[in-house]
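Participant: I have a structure here, written as C-alpha cells, and I will follow up with some questions on it.
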Amino acid sequence: MPRTILSQHQLGDTLVRFPYDPDTGVVGMEILPAALAAEAVAPRESLRGETFIDVLPGDDPWPARPVESLLQFKLVGDPYPGAFVQGHSMRNSETLRSFVFDGQERRDEDCATVIETQLKSADGLLAVHRLSWRQGDGALTVECSFTNGSDRPVTLEMFASFSLSGITPFHHADAPGRLHVHRFRSVWSAEGRHECRSLEELHLERSWSGAGAFSERFGQVGTMPVRKWFPFVAVEDTAVGVIWGARLNWAGSWQMEIFRQHDDVAISGGLADREFGHWMKTVAPGESFEATPATLACVKDDLDDLCDRLTAMQDEPVNPQPEVEQDLPVIFNEWCTTWGDPSHENLCAIADRLQGCGVRYLVIDAGWYKQEGTDWSSGHGDWIPGSKLFPNGLKATADAIRERGLIPGLWFEMETVGSQSQAFQSGKHFIERDGIPVTVRERRFWDMNDPAAVSFLAERVIDLLDDCGFGYLKVDYNETAGLGCDHPDSQGEGLRRQVEGSYRFFEKIRERLPDLVIENCSSGGHRLEPSMMARTAMSSFSDAHELVEIPIIAANLHRLLLPRQNQIWAVLHPQDSPQRVAYSLAATFLGRMCLSGAIEKLSGESWALVREGIALYQKAAPVIKYGISRRFGAVGESWRDPRGWQAVVRQSDNQALVVVHTFGGAPAIIEMPLAGDWVLEDSLGGERPEHSGGILRHATRGDFAGSVWLFRKG
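Printed below as a string of C-alpha cells:
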C-alpha cells in the first residue's frame, strides 16, 4: 500500500510527521525526537516473506503498517469496525472511509505554530485536527473539531481528542519485547500508583495476519476523573530509550486506548465514547463540536523526563493566580482539628496560636453550616451558617481571623446538596436519570446548566464569600454523578454538559472575586487533572491525612502535577513524638505545606519544630515552585505497611531540596546522587548529611523518620 510523508515539521526538539496514503486519503500523525530522526527506519510495507503468509493463496498485499488516521470518530448509522473489535474499540469505523484529506495549513505567529489538517466528506461534514506548539514548550497540544456542513443532523458516538500512531519508528516490523505501557492507578487515599506492563503482557501483540484488531481501553465514568486511573498513557521503546505520552484535560468521563492491528502501536483518547461512557452527540446543520484538548510529548529519556514535559504545560494557566499565591504560602485547615465542628471560639483559639508563625491562610472546613439535628456530611446545600457555631455570623469570625494577620478561607461542596438540607427536600433543579434526581449516598447534584440553580449558588456561595471577606475558597466534591444524566442526545452528553456547567461556575467565581484563592478538592485527589488544576491555585493531594504513606503518595504526584499546586497535609497531635512531627512536616515539602490538628495543644518543643519547618519551607518555596524532581530509594509493594526508604531530590538552578523518609525496616545508611557543588543552607532539626563525590550519604534515625535539607549553589 502506498505510504508517503505529507509533511514534517520540527517543533522544538520534536519532529512531527504526517504520513499519508494517497489511495485512501488517510492522514496520520507520528512524533519522534528530532535528534533521532536519522535512526528511524523504513517500515516494511508487507507481510510477504513470512512463511505463514506466503503459503496463502491469492495476491493480497498483506499490508504491514497502513496509515492510521490522526482523527478518530464515528457517526451513528455507519457500520462499526470489524476485526473482532466492536465492544472494545470504535476506532477505524466505516465513518472514516467516507472522509478524505482536504488540506493542511501551517501558521507561524507570536512564537507559536499551529498545523491544521482537514478531512471532509462528500456531503459537507468537516473534521479538523489542530496541532499547536509554543516556543519553549516541550510538549504539543491537540484540539479537534467536527462541523456539520450538510443539510441533515448527524450524531457522533465517538470523537477522540487525539490519535498518535507509528509507535515505534525505530523498528522495521512489530518491535517484539521492547514496547512497554506506563499508566497511573488511583483509588481513594492512595493516588498515583505507577504501573508498567509490556505490550505482550497486555496481550497486544499483533495478530499473525492483521485480521484481528486489539485494544486496551481504560478510563473512568463519572465526575471524579481520577477515581481509578489518571487520564494519562505512555508507551516506551526500551531498546532506544524513547517514550511517547499523552494526557487529557477533562473532568468528566474519559477514555484512553492503546490500539494495535498491524506492526505499529497507536494511542488515542478523549471523551468516553458510546460503548465506554454512554455518549452520543447530535450536531445540527451548521453546528460544530469541539473535543476536549490533549497534550502530547515524546522524549529520548525516561518516564520522569516525559512527565516533566507534560506537567510543565500547567505553568501557563497557574501563573496568573492571585499575587498572594505567588510565594506559595502555608495553609492551616482546621478539618483534622475540629472534625466537622468548627466554631467562632475554636477558630479564634487556632488563629491565636498561628499568629505570627508564617501561616497565611486559615481555612474553615466542613460543618460551619450545621443546624440543629444535622451533620456535616449531609447537612450541606443551603449554606446558612450554623447559629450556635457562629452566633454573630461568619463575618465576625472572618474578621477575627484577619485581625490576627491571617486570610480566612471557607469550605463549600457547592455542586452537591446533602439529604438534610432544604434544597435537597425541594427535589428541584438537580440532574436526573430516567426522570429521577440522581441520588448517591445522601447527595444530589445541582444541574449546573439550570439558571435557577446557578443563581442560587451565586447568592449562597459567591455573595457569602464576598460579604464576609473570605480570601480563600476550598471546593470539595465528595461523590461522582455516575454514568450520566438525562439529555435528548444521551446520558453521556448530559454529563459532559454538566461538567461544562461546573467550569462556567468556577469562571463566574473568578470574574466576581479575582483575588480569591481557590483550592480544588474531591474527597482528596479525585479531581487531579489538568482542566481543574488550571482553574484553581492548588489541589488537595489525598485524604490520607493521618497516614504513614503520605510521603509515598505525595512523591507519586510529582509525575502528574506541579508540586506548587499539590497541597500536602501534616496533621499534628500533642502525643506525637518529635520524630513523628518531623516525619509529618517533611512530607509537606513535597508540595504545598498545609497544617492541621490540635496545634494549640502542642508542647513547646513540638511547636518550635513546627515553626522551624515553616521557616525552612519558606526558604525552599522557589525550588518547590520551579524545580525538577527525581525519586530514589526502595519501597515495598504495600503502602499501608511501607518498608525501606524514599528520597526526593528537587533541583533548580541555584537550590536543591532533599526530602527523605524512612519506613519499616529502614537501613542504617542511605545514599542518593546529588551532583554538583552544593552547600547546605538549612535543614529540619539541624541534621547534616555527608556530601562528597556527587553522593549524599545519610545516617538514618531509624524507622519512620523524616529529614529535609536545603542546599544552595556553592
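In case it helps, full-length UniProt numbering puts the sequence shown at residues 1 to 714. Think of the CB as a built atom: it goes at the ideal place given N, C-alpha and C, for glycine as much as any other residue. Note that this is a predicted model, so its numbers are computed, not measured.
(1) Return the bridge partner residues of N333 from the DSSP annotation.
(2) DSSP three-state call for M313: helix, strand or coil?
(3) So, does the stretch 466–480 touch the stretch 513–524, judging by three or more C-beta pairs under 8 Å?
(4) Once you ignore the five residues that flank L516 on each side, which residues in its own chain have a CB closer than 6 Å to its CB?
(5) Taking just the CA atoms, how far does C298 sit from A280?
(6) Measuring only the C-alpha atoms, how far is K619 from R611?
(7) Return the first residue and the last residue of the beta strand (DSSP E) that N566 is part of.
(8) A139: buried (16+ other C-beta within 10 angstroms of its C-beta) or exposed?
(9) Label I553 either buried or exposed according to how many other C-beta atoms from any shown protein chain fall within 10 Å of its C-beta, with 16 as the threshold for buried.
(10) Apart from the five residues just before and just after R360, which ones in its own chain have a Cβ nearer than 8 Å to its Cβ?
(11) Using only alpha-carbon positions, find the residue among E605, L11, V27, H182 that is nearest to V114.
(12) Taking the runs of the beta strand (DSSP E) that are 3 residues or longer, which of them lie wholly in the stretch 489–536?
(13) Return the chain-ordered list of same chain residues with a C-beta closer than 7 Å to the C-beta of T238, the five sequence neighbours on each side being excluded.
(14) Whole-angstrom Cβ separation of E549 and P642, contact assumed at under 8 Å?
(15) What number of angstroms, rounded off, separates the C-alpha of E500 from the C-alpha of S540?
(16) Rounded to a whole number of angstroms, what is the C-alpha to C-alpha distance between I31 and G340?
(17) Alpha carbon to alpha carbon, how far is A294 from residue 715? Give it in angstroms, no decimals.
(18) Return the residue from the list W569, L131, P169, L125 that minimises the CA-CA distance to R152.
(19) Which residue's Cα is closest to the Cα of E50: E200, I167, S209, K120?
(20) Report back the beta-carbon spacing between R274 and E157 to the nearest angstrom; my notes put them in contact at under 8 Å.
(21) Quick check on this structure: which residue in N92, C348, R107 has the alpha carbon closest to the alpha carbon of F214?
(22) Looking at S253 and S145, is the spacing between their C-beta atoms short of 7 Å?
(23) Which first and last residues belong to the alpha helix (DSSP H) in which Y626 is found?
(24) With a CB to CB cut of under 6 Å and the five nearest residues on each side skipped, what residues in its chain are close to G367?
(25) Please identify the residue among E109, I350, K228 whose C-alpha is closest to the C-alpha of N333.
(26) Is residue 725 helix, strand or coil when you go by DSSP?
(27) Whole angstroms are fine: how far does the CA of D21 sit from the CA of E432?
(28) Could you tell me the distance, in whole angstroms, from the CA atom of K713 to the CA atom of W62?
(29) Rounded to the nearest angstrom, what separates residue 715 and A570 at their Cα positions?
(30) Determine the contact status of Q420 and S378, defining contact as a CB-CB distance below 7 Å.
(31) Taking the alpha-carbon positions, what's the D489 to T282 distance?
(32) Between the C-alpha atoms of L585 and D264, what's the straight-line distance to the nearest angstrom?
(33) What is the DSSP secondary structure of E109, reduced to helix, strand or coil?
(34) Evaluate G627 with the Cβ neighbour count: other Cβ atoms within 10 Å of its Cβ, from every protein chain shown; 16 or more gives buried, anything less gives exposed.
(35) What is the rounded straight-line gap between the Cα of E507 and the Cα of R535?
(36) How long is the line joining the alpha carbons of P79 and Q86, rounded to whole angstroms?
Facilitator: This is what the structure holds:
(1) Stepping through the sequence shown from its first residue, residue 333 is reached at position 333. Beta-bridge analysis with DSSP links N333 to V363.
(2) Residue numbering aside, residue 313 sits at position 313 when the sequence shown is read from its first letter. Residue state, collapsed to three classes: coil.
(3) At 8 Å Cβ cutoff, the stretches touch.
(4) Looking up residue 516 in the sequence shown gives position 516. Cβ neighbours of L516 beyond the five flanking positions: L473.
(5) Here residue 280 refers to the residue found at position 280 when the sequence shown is read from its first residue. Here residue 298 refers to the residue found at position 298 when the sequence shown is read from its first residue. In the sequence on display, residue 280 carries Met and not Ala. Annotation: M280 to C298 spans about 32 Å, alpha carbon to alpha carbon.
(6) Position 619 of the sequence shown, counting from 1, holds the residue named residue 619. Position 611 of the sequence shown, counting from 1, holds the residue named residue 611. Cα-Cα distance, rounded: 13 Å.
(7) Numbered from 1 along the sequence shown, position 566 holds the residue referred to as residue 566. N566 -> beta strand (DSSP E) spans 566–572.
(8) Taking the first residue of the sequence shown as 1, we reach residue 139 at position 139. By the neighbour-count rule (16 or more Cβ atoms within 10 Å), A139 is buried.
(9) By one-based count along the sequence shown, residue 553 stands at place 553. Result: buried.
(10) Locating residue 360 in the sequence shown gives position 360, counting from the first residue. The residues are V324, P329, V330, I331, L406, I407.
(11) In the sequence shown, the residue the question calls residue 114 occupies position 114. The shortest C-alpha separation from V114 is found at L11.
(12) Runs of beta strand (DSSP E) with 3 or more residues, each lying fully within the stretch 489–536, are found at 517–520, listed in chain order.
(13) Residue 238 sits at position 238 when you count from the first residue of the sequence shown. Cβ within range, chain order: R178, H180.
(14) The residue labelled residue 549 in the question sits at position 549 within the sequence shown. The residue labelled residue 642 in the question sits at position 642 within the sequence shown. The beta-carbon distance between E549 and P642, rounded to whole angstroms, is 6 Å. This is short enough to meet the 8 Å contact definition.
(15) Reading the sequence shown from its first residue, position 500 is the one you call residue 500. Reading the sequence shown from its first residue, position 540 is the one you call residue 540. Each residue's alpha carbon lies about 22 Å from the other.
(16) Indexing the sequence shown from 1 puts residue 31 at position 31. Indexing the sequence shown from 1 puts residue 340 at position 340. Going from the Cα of I31 to the Cα of G340 covers about 51 Å.
(17) Outside the displayed range of the chain (1 to 714) lies residue 715, so it cannot be described from this structure.
(18) Along the sequence shown, one-based indexing puts residue 152 at 152. Cα-wise, what sits closest to R152 is L125.
(19) If you number the sequence shown from 1, residue 50 lands on position 50. Among E200, I167, S209, K120, the Cα nearest to that of E50 belongs to S209.
(20) To locate residue 274, count along the sequence shown from 1; it is residue 274. To locate residue 157, count along the sequence shown from 1; it is residue 157. Correct: roughly 4 Å between the Cβ atoms.
(21) By 1-based counting over the sequence shown, the position of residue 214 is 214. Just measuring C-alpha positions, the residue of N92, C348, R107 sitting nearest F214 is N92.
(22) The count along the sequence shown starts at 1 and reaches residue 145 at position 145. The count along the sequence shown starts at 1 and reaches residue 253 at position 253. No, they are not a contact pair.
(23) One-based indexing of the sequence shown puts residue 626 at position 626. Careful: Y626 lies outside any alpha helix (DSSP H) and carries neither H nor E.
(24) Indexing the sequence shown from 1 puts residue 367 at position 367. So the qualifying residues of the chain are G340, D341, P342, W376.
(25) If you number the sequence shown from 1, residue 333 lands on position 333. With distances taken between Cα atoms, N333 lies closest to I350.
(26) With the chain covering only 1 through 714, there is no way to say anything about residue 725.
(27) Mapped onto the sequence shown, residue 432 falls at position 432. Mapped onto the sequence shown, residue 21 falls at position 21. So the alpha carbons of these two residues sit roughly 46 Å apart.
(28) For the purposes of this step, residue 713 is taken as the residue at position 713 of the sequence shown. For the purposes of this step, residue 62 is taken as the residue at position 62 of the sequence shown. When rounded, the separation of the alpha-carbon atoms in K713 and W62 is 60 Å.
(29) This structure leaves residue 715 out entirely; the chain is present only between 1 and 714.
(30) The sequence position of residue 420 within the sequence shown is 420, counting from 1. The sequence position of residue 378 within the sequence shown is 378, counting from 1. Yes; because the gap between Cβ atoms is below 7 Å, this pair is in contact.
(31) Here residue 489 is taken as the residue at index 489 of the sequence shown, counted from 1. Here residue 282 is taken as the residue at index 282 of the sequence shown, counted from 1. For D489 and T282, the distance between alpha carbons rounds to 6 Å.
(32) Walking along the sequence shown from the start, residue 585 turns up at place 585. Walking along the sequence shown from the start, residue 264 turns up at place 264. Cα-Cα distance, rounded: 47 Å.
(33) On the sequence shown, residue 109 is found 109 positions in, with the first residue counted as 1. Looking at E109 - three-state DSSP - the assignment turns out to be strand.
(34) Within the sequence shown, numbered from 1, the residue matching residue 627 stands at position 627. Buried is the call here.
(35) As a first step, residue 507 is located in the sequence shown; it is residue number 507 there, counting from the start. As a first step, residue 535 is located in the sequence shown; it is residue number 535 there, counting from the start. If you take the alpha carbons of E507 and R535, they lie about 8 Å apart.
(36) Taking the first residue of the sequence shown as 1, we reach residue 79 at position 79. Taking the first residue of the sequence shown as 1, we reach residue 86 at position 86. Roughly 10 Å between the two C-alpha positions.
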